[in-house]
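Here is the structure we will look at, set down as structure tokens.
In this note's numbering, the protein residues as written are 13 to 645.
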């Protein structure tokens, strides 16, 4: 046997000696003393440094609940709590000991796998912070941060966790529903090669699923934003290739089937959960759960092998209905994706090394998805619109409006991006200009777009923001009149002009087809100290009314920023129509663009009157904090 170099052996010996000689900080020792006499806790050890971790410590203790041992929860049970050198700061985790403790995975617990390396505890650290209904008998729901109480709080709530686990009360009716842990463990692949799968499910689709008799089929997984390791679920098909439930995505999802990977889908009547709360980790376990739920897993493998005769199948999607709260009725389908150990197709090779025929393919599939072969679960997410919008979105009526954005400059790019991030899904970007390096100080685009047309570059950027975005480019000047202008306007309900060019407004005034639209002109004043927002609803843009409303402001801007020689100091004929180098910092433009988007929403839902609205940007003289105030000429 080859020996380790002497230098490595000495280094390892020194590390072991240093670990033995290390003393825990006084705060940890004081916290340890606070556990003496804690109800349900005994056999407390001293702090020990974690192997190969110079900043964390572990403390062994035993929980004695006074309850009888159950099938999954022994009593007494052994545990470890870990804390940082920086205690009472840093993280605290409680783990089952490798011996004389629980080995199963429960709710409010990480996957409880075997110990890693030289550690003396398993991987299933507890979640003792929520819900308070489980742990409320011990102390406040708010975790204390002082050195005498924080550790006691965690260990005391561990006792309550163990009691709840023994009594099968970790989940109660009304608690938020949580999935068991579906471990992402794609053996033999690099972390970056794990595939994230997005689906879209809601209550209305659950109703459609409930009317559908099929429980097996095929579904394409389409690449998202040109990324092969992020894929969106396409139309669900039955075994014959007929669409059962269609889906609708935006332009970021490449729905061309030549770029799709295929999955076989399996629909279950309930979540696939083994006792006490563990997702299947092997294909044999999944088959057992399916049979327990009344689903013929062998019939699914037959479907999988039949599908492999026509397509290359890389994944399995397992779907099941879930509620929002424990004990409530299901509200949506959820899907979990698993990568097959090897793709199922006519090219699948059996043990002999030769290509398989139909019967051999079926046998090979049964060998692949059976026994103790591990399931390589992949991360999945529900990208349903309401879920993505939960962090903040505009009124739904605005989100569904078809918008034409004319001008993708400093203001236009910011307004368009804010609209996209707020849930607007249909934008046409009209701009004839090419992005230049000088635009970078104030533009939403980046150096990677220099030399590209602003319209195409912005449309591409917007499509990458939301999986439902349908942004298209019109890379030219707004047609002055005629059929070209008609084609551009007729399919839009809201027109946003951010060019501040009289010719554009004249074109918008020249076209009328009898359809009422919303027309909004947005521009800024010198140094972005003012926002000019003009809104109108009608069959064309009232350019004369606009000029009348703007005239006093044009005069005021000119008077305030006249150069000593009588020139306009870089100011051209109208607010916002400056040379590209006009002075206006990006922070000011962001504030004005954000205010403009809010005004767009309020006008659209009828809470802002038509006409001209002017906002002035004021800075606090001491802090510089900005304030927007309404202004009159």
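Cβ atoms here follow ideal geometry from the backbone N, Cα and C, with glycine treated the same way.
Is residue 447 near residue 462, with beta carbons less than 9 Å apart? The answer is yes: Cβ separation under 9 Å.
Over what stretch of residues does the alpha helix (DSSP H) that includes residue 175 continue unbroken? Residue 175 -> alpha helix (DSSP H) spans 162-178.
Please work out which residues of its chain come closer than 7 Å, Cβ to Cβ, to residue 318, disregarding the five sequence neighbours upstream and downstream, and give them in chain order. Sequence-distant Cβ neighbours of residue 318 in its own chain, meaning closer than 7 Å and more than five residues away, are 251.
Using the three-state DSSP reduction, which class does residue 603 fall into: helix, strand or coil? Helix.
Taking the straight line between their C-alpha atoms, what separation do you get for residue 528 and residue 596? Spanning the two alpha carbons is a distance of roughly 35 Å.
If you measure between the beta carbons of residue 486 and residue 440, is that distance less than 9 Å? Yes, these two residues count as a Cβ contact at 9 Å.
Alpha carbon to alpha carbon, how far is residue 449 from residue 589? Give it in angstroms, no decimals. Its pLDDT being 44, under 50, residue 589 is placed unreliably in this model, and the coordinates cannot settle the point.
In angstroms with no decimal places, state the Cα-to-Cα distance between residue 436 and residue 412. Straight-line Cα distance between these residues: approximately 6 Å.
Could you check what DSSP says for residue 451 in three-state terms: helix, strand or coil? If DSSP states are grouped into helix, strand and coil, residue 451 belongs with the helices.
Going by DSSP, which residues form a beta bridge with residue 344? DSSP output for residue 344 lists 334 as bridge partner(s).
Taking the beta carbon of residue 551 as the centre, do at least 16 other beta carbons fall within 10 Å, making it buried, or is it exposed? By the neighbour-count rule (16 or more Cβ atoms within 10 Å), residue 551 is not buried but exposed.
Assign residue 536 to one of two classes, buried (16 or more other C-beta atoms within 10 Å of its C-beta) or exposed (fewer than that). Around the beta-carbon of residue 536, 16 or more other beta-carbon atoms lie within 10 Å, marking it buried.
Identify the continuous beta strand (DSSP E) that holds residue 194 and give its terminal residues. First-last for residue 194: undefined, no H or E at that position.
Simplified DSSP assignment, three categories, for residue 75: Residue state, collapsed to three classes: strand.
Residue 466, enclosing beta strand (DSSP E) - first and last residue: Counting along the chain, residue 466 falls outside any beta strand (DSSP E), though it belongs to the alpha helix (DSSP H) covering 466-475.
Please specify which runs of the alpha helix (DSSP H), each continuous and at least 4 residues long, are wholly inside the stretch 210-242, giving them in chain order. Under the rule that a run must span 4 or more residues, the alpha helix (DSSP H) segments found entirely inside the stretch 210-242 read 215-223.
Using only CA atoms, which one of 358, 639 and 247 lies nearest to residue 5? The structure shown has nothing for residue 5, since the chain only spans 13 to 645.
Rounded to whole angstroms, what is the Cα-Cα separation between residue 579 and residue 571? In this prediction, residue 579 has a pLDDT of 44, which is less than 50 and means its spatial position is unreliable; nothing more can be read from the coordinates.
Quick one: what's got a C-beta closer than 6 Å to residue 546's C-beta in the same chain, skipping five residues either side? Excluding positions up to five away in sequence, the list reads 533, 558 and 624.
Answer yes if the stretch 472-480 comes into contact with the stretch 491-504, meaning at least three C-beta pairs across the two stretches below 8 Å, and no otherwise. No, the stretch 491-504 is not in contact with the stretch 472-480.
Chain-order list of residues whose beta-carbon lies under 7 Å from that of residue 482 (same chain, five-residue window excluded): Once the five neighbours on either side are set aside, the close Cβ partners of residue 482 are 262, 263, 437 and 438.
Run of the alpha helix (DSSP H) containing residue 370, from where it starts to where it stops: In this chain, the alpha helix (DSSP H) harbouring residue 370 covers 370-380.
Proximity below 9 Å, CB of residue 348 to CB of residue 330: For residue 348 and residue 330, yes; Cβs fall inside 9 Å.
Using three-state DSSP, classify residue 271 as helix, strand or coil. In this structure, DSSP gives residue 271 a helical state, which the three-state scheme calls helix.
Residue range of the alpha helix (DSSP H) that includes residue 102: No alpha helix (DSSP H) contains residue 102, which DSSP labels as neither H nor E.
Could you tell me the alpha carbon to alpha carbon distance between residue 325 and residue 310, rounded to whole angstroms? Cα to Cα, the separation comes out at about 17 Å.
Looking only at its own chain, which residues have a Cβ that is under 7 Å from the Cβ of residue 88, when we skip the five neighbours before and after it? Setting aside the 5 residues that flank it on each side, residue 88 is surrounded in the same chain by 74, 75 and 76, each with a C-beta closer than 7 Å to its C-beta; the list follows chain order.
May I ask which residues mark the beginning and end of the beta strand (DSSP E) holding residue 545? Boundaries of the beta strand (DSSP E) harbouring residue 545: 542-550, taken from the DSSP string.
Relative to the C-alpha of residue 278, which residue among 360, 168, 81 and 315 is closest? Taking each of 360, 168, 81 and 315 in turn and checking the Cα distance to residue 278, the smallest one comes out for 315.
Name, in chain order, the residues that DSSP records as bridge partners for residue 388. For residue 388, which the question treats as bridged, DSSP gives the partners 351.
Identified DSSP bridge partners for residue 640: Looking at the DSSP assignment, residue 640 forms a beta bridge with 629.
Just the C-alpha distance for residue 321 and residue 360, rounded to the nearest angstrom, thanks. Going by the C-alpha atoms only, they are around 10 Å apart.
Chain-order list of residues whose beta-carbon lies under 8 Å from that of residue 502 (same chain, five-residue window excluded): Apart from the 5 residues on each side of it in sequence, residue 502 sits with its Cβ closer than 8 Å to the Cβ of 525 and 527 in its chain, given in chain order.
Spell out the partners DSSP gives residue 248 in its beta bridges. The partner list for residue 248 (beta bridge, DSSP) reads 257.
Limits of the unbroken alpha helix (DSSP H) element including residue 557: Run containing residue 557: 555-572, per the alpha helix (DSSP H) assignment.
Length at least 4, wholly inside the stretch 477-552: the alpha helix (DSSP H) runs in chain order: For the alpha helix (DSSP H) assignment, the uninterrupted runs of no fewer than 4 residues enclosed by the stretch 477-552 are, from N- to C-terminal side, 494-501 and 514-522.
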